[in-house]
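J.: Each residue of the sequence shown is one higher than the last, beginning at 7 in UniProt numbering.
Even glycine gets a Cβ: it sits at the ideal position worked out from N, Cα and C.
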Amino acid sequence: PSAAAYEATVTAPVNIAVIKYWGKRDESLILPTNSSLSATLSQDILHSKTTARADPNFTGADTLWLNGTPEPMSASKRLANVVNALRAKRAALEASDSLLPKMSKWIVHVVSENNFPTAAGLASSASGFAALVFALANLYQLPEAKDGEAGAGRSTLSALARLGSGSACRSLFGGFVAWEMGTHADGRDSVAVPVAPASHWTDLEALVLVVHDGRKGVSSTSGMQTTVQTSALAQERFKSVVPQRMFDMKQAILRKDFDQFAETTMMDSNQFHAICLDTFPPIFYLNDVSRAIIQLVTDFNATPVAGYTGKYKVAYTYDAGPNAVLYLPRQFVRPVLALIQHYFPAPTDVPAADYFADPYKVGVN
Ligand code: PMV
Numbered sequence: 007p008s009a010a011a012y013e014a015t016v017t018a019p020v021n022i023a024v025i026k027y028w029g030k031r032d033e034s035l036i037l038p039t040n041s042s043l044s045a046t047l048s049q050d051i052l053h054s055k056t057t058a059r060a061d062p063n064f065t066g067a068d069t070l071w072l073n074g075t076p077e078p079m080s081a082s083k084r085l086a087n088v089v090n091a092l093r094a095k096r097a098a099l100e101a102s103d104s105l106l107p108k109m110s111k112w113i114v115h116v117v118s119e120n121n122f123p124t125a126a127g128l129a130s131s132a133s134g135f136a137a138l139v140f141a142l143a144n145l146y147q148l149p150e151a152k153d154g155e156a157g158a159g160r161s162t163l164s165a166l167a168r169l170g171s172g173s174a175c176r177s178l179f180g181g182f183v184a185w186e187m188g189t190h191a192d193g194r195d196s197v198a199v200p201v202a203p204a205s206h207w208t209d210l211e212a213l214v215l216v217v218h219d220g221r222k223g224v225s226s227t228s229g230m231q232t233t234v235q236t237s238a239l240a241q242e243r244f245k246s247v248v249p250q251r252m253f254d255m256k257q258a259i260l261r262k263d264f265d266q267f268a269e270t271t272m273m274d275s276n277q278f279h280a281i282c283l284d285t286f287p288p289i290f291y292l293n294d295v296s297r298a299i300i301q302l303v304t305d306f307n308a309t310p311v312a313g314y315t316g317k318y319k320v321a322y323t324y325d326a327g328p329n330a331v332l333y334l335p336r337q338f339v340r341p342v343l344a345l346i347q348h349y350f351p352a353p354t355d356v357p358a359a360d361y362f363a364d365p366y367k368v369g370v371n
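(1) Enumerate in chain order the residues of its own chain whose CB-to-CB distance from Ser8 is below 7 Å, with the five nearest sequence positions on each side excluded.
(2) Are there three or more Cβ pairs, one per stretch, closer than 8 Å when the stretch 326 to 339 is compared with the stretch 214 to 233?
(3) Going by DSSP in three states, Tyr349 sits in which element: helix, strand or coil?
(4) Using the three-state DSSP reduction, which class does Arg297 fall into: helix, strand or coil?
(5) Tell me the residue span of the beta strand (DSSP E) that contains Pro19.
(6) Which residue from Met230, Asp325, Gln250 puts its Cα closest to that of Gly29?
(7) Count the other C-beta atoms from every protein chain shown that fall within 10 angstroms of the C-beta of Ala23, then say buried if there are 16 or more, exposed otherwise.
(8) Return the chain-ordered list of same chain residues with a C-beta closer than 6 Å to the C-beta of residue 2, the five sequence neighbours on each side being excluded.
(9) If you run the structure through DSSP and keep just helix, strand and coil, what is Phe64?
(10) Which partner residues does Phe182 have in the DSSP bridge list?
(11) With DSSP collapsed to three states, give me the class of residue 374.
(12) Determine whether the beta carbon atoms of Val16 and Thr69 lie at a separation below 7 Å.
(13) For a test of your reading of the model: does the CB of Gly172 fall under 6 Å from any non-hydrogen atom of the ligand PMV? Yes or no.
(14) From the DSSP output, read off the bridge partner residues of Trp71.
(15) Just to confirm the assignment, what range does the beta strand (DSSP E) spanning Glu33 have?
(16) Per DSSP, which residues does Val331 bridge with? Please list them.
(17) May I ask you to report which of helix, strand or coil DSSP gives His53?
(18) Following a CB-centred definition, is Tyr324 positioned closer than 6 Å to any heavy atom of the ligand FMN?
(19) Between the alpha carbons of Pro200 and Lys95, how many angstroms are there, rounded?
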């Protein structure tokens, strides 16, 4: 490698929405039809790790190796948009300081790995684009990369991640994060805003249940388009349901009110899958195992536990795939895992250690 080359490596976390984003009002700026809200999961188990390298000796095209498979970045419009936006920021820096190396003119190689199934409805695009933006911002030594979560620079990077994948804008922040849909046509107010840091609600855990780790059938991009074009229920959701739920969910988080949090989370997951079913032709992300998990959670919530006065003990939510994410107070992690193990025993061909990763490493915090 040439001595003049520059490189940066970062990791970015996955976020799992409790109020789902599903629908775009602007396809190229990636502006949503509704606001959404998520929790960023701990990076210990689920993350994207990305290295970006600029080298004056690289030839050919900007290339991304995603989990080992190379692809020219120009093959994806979104990828190209994100790289070009960061390169333009670097070029502006170079224009104002002639001593800076002209990195903006060099070819970039990016290597990105998810330590979990890609495109299986586990929000890999969110952590992936968040990591890409952060890696390039560090590589190019942009002032935005130095800003902490409270800084304006982080919001700028979040807006750039949004151009790659809408949900990625929420992965630039930890804890509980809202993506306010905004009203402006240019997207200036369609931004991710932290609601509360992870340290605010340390008792809340997340369990990720991988039901199927294959690629999902309908991509979120094409699924959202068809939903917006065909579902009358979706229009009702955007207009009359989500605004109130955003309010309820923020209150629930700020008050650490698990009952309110759980009920809103489950109802919103249900409605997201209902608008998928109301899409024509319909989209089915849940399978029989997903539905059996919903039933198990419902039954467990209806079963009294001595000394616990809450209405709910666990909440399920599903993205664009069959895998469940459960949010629950820490005291219920062991009992819920015991139930899962009982009703969905480990397949004989999978080592137990792979089937059950340490649940305490998959928390929100
Ligand atoms: O950002 P995308 O295009 O991968 O869409 C993600 C949509 C959901 O994961 C289903 C919901 C959400 O808000 O994350």
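T.: The relevant details are as follows:
(1) Position 2 of the sequence shown holds residue 8. Annotation note: pLDDT 48 at Ser8 (below 50); position unreliable, no value reported.
(2) yes
(3) By 1-based counting over the sequence shown, the position of residue 349 is 343. Here Tyr349 sits in helix by DSSP.
(4) Within the sequence shown, numbered from 1, the residue matching residue 297 stands at position 291. Three-state DSSP puts Arg297 in a helix.
(5) For the purposes of this step, residue 19 is taken as the residue at position 13 of the sequence shown. Taken as a continuous stretch (DSSP letters only), the beta strand (DSSP E) holding Pro19 covers 12 to 19.
(6) The sequence position of residue 29 within the sequence shown is 23, counting from 1. Nearest option by C-alpha distance: Met230.
(7) Within the sequence shown, residue 23 is the residue found at index 17, counting from 1. Label assigned to Ala23: buried.
(8) A query on residue 2 cannot be resolved here, the shown segment of the chain reaching from 7 to 371 and no further.
(9) Mapped onto the sequence shown, residue 64 falls at position 58. In the structure shown, the three-state DSSP call for Phe64 is coil.
(10) For the purposes of this step, residue 182 is taken as residue 176 along the sequence shown, with counting starting at 1. Phe182 is bridged to Ala45, Ala202.
(11) Within the shown structure, residues of the chain are numbered from 7 to 371, placing residue 374 beyond reach of any answer.
(12) Residue 16 sits at position 10 when you count from the first residue of the sequence shown. Residue 69 sits at position 63 when you count from the first residue of the sequence shown. Result no, Cβ atoms of Val16 and Thr69 do not sit closer than 7 Å.
(13) By 1-based counting over the sequence shown, the position of residue 172 is 166. Gly172: yes, Cβ under 6 Å from the ligand PMV.
(14) Within the sequence shown, numbered from 1, the residue matching residue 71 stands at position 65. Beta-bridge pairing links Trp71 to Pro76, Val117.
(15) Locating residue 33 in the sequence shown gives position 27, where the first residue counts as 1. Here Glu33 belongs to no beta strand (DSSP E), and DSSP marks it neither H nor E.
(16) In the sequence shown, residue 331 corresponds to position 325, counting from 1. The partner list for Val331 (beta bridge, DSSP) reads Val214, Thr323.
(17) Counting from 1 along the sequence shown, the entry for residue 53 is found at position 47. Looking at His53 - three-state DSSP - the assignment turns out to be strand.
(18) The ligand FMN is not among the ligands present in this structure, which contains only the ligand PMV.
(19) Taking the first residue of the sequence shown as position 1, residue 200 is located at position 194. Taking the first residue of the sequence shown as position 1, residue 95 is located at position 89. Using only the alpha carbons, I get a separation of about 25 Å.
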